[in-house]
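S.K.: Got a structure for you, questions after.
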Amino acid sequence: MSNALVIAHVTQALALLIESNLGPEFGAAVKVEPRKPPADPPADPTVSVFLYQVTPNTSQRNNDLPTRAADGTLVGRPAAALDLHYLISAYGEETELVGQRLIGAVVRALHEIPVLPKDVIEQAGERPYLAGSDLAEAVQRVRFTPTVMDIDEASKLWGMLHQTPYSLSVVYQASLVFVDGREAPVPGKPVERPVVRVAPIGAAVPSGAGAGAKAEAGTGARSGSGAGKPSGSGAATPSRPAAKKAAKTPSRSRRKTTAPRPDSGSGGNSGKGTES
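Under this note's numbering, think of the first position of the sequence shown as 922, with each following residue one higher.
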């Protein structure tokens, strides 16, 4: 959770992170300042960290769920998810390529440490103007990612800096930064009595089955015999052919017994009648 000081805190922490990781080749002579590029380029080795744009984070924009109940009670603290865009410029003696060397050191530092460490956040928070910032307690850590800015975008950006000459720079995006609301939500009511219920699950019934099949499936689920068996309509299918065969068997025997028989006096005719 972060309050409104988080934006300034991230800027100060980024400048401190760059300053402490420039490397021994520069020593302590490099100034890292959280400010816009100077109109008068300094001759001493200097790095400026300029926050030129703040945009809503597109991936978290719709994750802020409704924060109030139907009666207006606050149930969740609103939080604005932001991305911070930084222009990092380097200055120094041109004959010794100090600016290019500084840019290389900045890229190396942010590539090795892309996530803002907690100790750097705490050290940056010691400034009097950042008193009360709670960035160090935030669950989401700030990550720095290099971004591409083409010539047109760079010319527009430097054009907005009135009477400021261009200097070699890199652009980084800091994500994800949350700015939380000030009002605390009402805590939820405690659970008075936990309730655990067990409900039976009916057997699978085809979508085209009738009401009788659904009733049989429910009966099987309640008795426990329906588990692992097909639905009611499918289970009754094998018994139907057996019933038909049993009904046909006695009808044939009745036809044989009621067939007309010849006279008992003629043995030859009786034999023929038997064969037919």
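Where is the CB? At the ideal position from N, CA and C, for every residue including glycine.
All of these numbers come straight from a predicted model, not from anything done at the bench.
1. Compute every distance between the C-beta of residue 956 and the non-hydrogen atoms of the ligand COA, then say whether any falls below 6 Å.
2. So for residue 1156, helix, strand or coil by DSSP?
3. Can you list, in chain order, the residues of its chain with a C-beta nearer than 7 Å to that of residue 1200? Leave out the 5 residues immediately preceding and following it.
4. Work out the CA separation of residue 1121 and residue 1148 for me, nearest whole Å.
5. Kindly indicate which residue of 1113, 924 and 945 has the alpha-carbon position closest to the one of residue 1022.
6. Alpha carbon to alpha carbon, how far is residue 926 from residue 1099?
7. Going along the chain, which residues of its own chain have a beta-carbon closer than 6 Å to the beta-carbon of residue 967, five neighbours each way excluded?
8. Given 8 Å as the limit, is there contact between the region 1045–1065 and the region 927–944, that is, 3 or more CB pairs closer than that?
9. Whose C-beta lies closer than 7 Å to the C-beta of residue 955 among residues of the same chain, with five residues either side of it excluded?
10. On the criterion of 16 or more Cβ atoms from any shown chain inside 10 Å, does residue 1050 qualify as buried, or is it exposed?
11. If you compare alpha carbons, which of 1031, 1114, 1066 and 1076 is closest to residue 1094?
12. In angstroms, rounded to a whole number, what distance separates the CA positions of residue 974 and residue 1017?
13. Would you say residue 1064 and residue 1091 are within 7 Å of each other, going by their C-beta atoms?
14. Go ahead and label residue 1089 buried or exposed: buried means 16 or more other beta carbons lie within 10 angstroms of its beta carbon, across all protein chains shown.
15. Would you list the residues sitting across from residue 1000 in a DSSP beta bridge?
16. Use the C-beta contact count for residue 923: other C-beta atoms within 10 angstroms, 16 or more gives buried, fewer gives exposed.
17. Please state whether DSSP places residue 954 in a helix, a strand or coil.
M.R.: Let me spell this out:
1. Questions concerning the ligand COA fall outside what the structure shown contains, since it holds no ligand whatsoever.
2. Residue numbering aside, residue 1156 sits at position 235 when the sequence shown is read from its first letter. In this prediction, residue 1156 scores a pLDDT of 45, lower than 50, which makes its location untrustworthy; no coordinate-derived value is stated.
3. The structure shown does not extend to residue 1200, since the chain is modelled only from 922 to 1197, so the question has no answer here.
4. Residue mapping note: residue 1148 aligns to position 227 of the sequence shown, counting from 1. Residue mapping note: residue 1121 aligns to position 200 of the sequence shown, counting from 1. Because the pLDDT of residue 1148 is 45, which lies under 50, any placement of that residue in the model is unreliable, and the number read from its coordinates should be weighed accordingly. Near 11 Å, if we compare the C-alpha coordinates of residue 1121 and residue 1148.
5. As a first step, residue 1022 is located in the sequence shown; it is residue number 101 there, counting from the start. Comparing Cα-Cα distances from residue 1022 to each of 1113, 924 and 945, the minimum goes to 945.
6. In the sequence shown, counting from the first residue as 1, residue 926 sits at position 5. In the sequence shown, counting from the first residue as 1, residue 1099 sits at position 178. Near 10 Å, if we compare the C-alpha coordinates of residue 1099 and residue 926.
7. The sequence position of residue 967 within the sequence shown is 46, counting from 1. The beta carbon of residue 967 lies closer than 6 Å to those of 952 and 1012 in the same chain, with the five residues before and after it left out.
8. yes
9. The residue you call residue 955 lines up with position 34 of the sequence shown. Contacts found: 932, 933, 936 and 970.
10. The sequence position of residue 1050 within the sequence shown is 129, counting from 1. By the neighbour-count rule (16 or more Cβ atoms within 10 Å), residue 1050 is not buried but exposed.
11. Within the sequence shown, numbered from 1, the residue matching residue 1094 stands at position 173. Measuring from the Cα of residue 1094, the nearest candidate turns out to be 1066.
12. As a first step, residue 974 is located in the sequence shown; it is residue number 53 there, counting from the start. As a first step, residue 1017 is located in the sequence shown; it is residue number 96 there, counting from the start. Looking at the two C-alpha atoms, the distance is approximately 32 Å.
13. If you number the sequence shown from 1, residue 1064 lands on position 143. If you number the sequence shown from 1, residue 1091 lands on position 170. Their beta carbons are not under 7 Å apart, which means residue 1064 does not touch residue 1091 by this criterion.
14. Stepping through the sequence shown from its first residue, residue 1089 is reached at position 168. Exposed is the call here.
15. As a first step, residue 1000 is located in the sequence shown; it is residue number 79 there, counting from the start. According to DSSP, residue 1000 bridges with 1101.
16. Reading the sequence shown from its first residue, position 2 is the one you call residue 923. Residue 923 comes out buried.
17. Position 33 of the sequence shown, counted from the first residue, corresponds to residue 954. Residue 954: strand per DSSP, three-state reduction.
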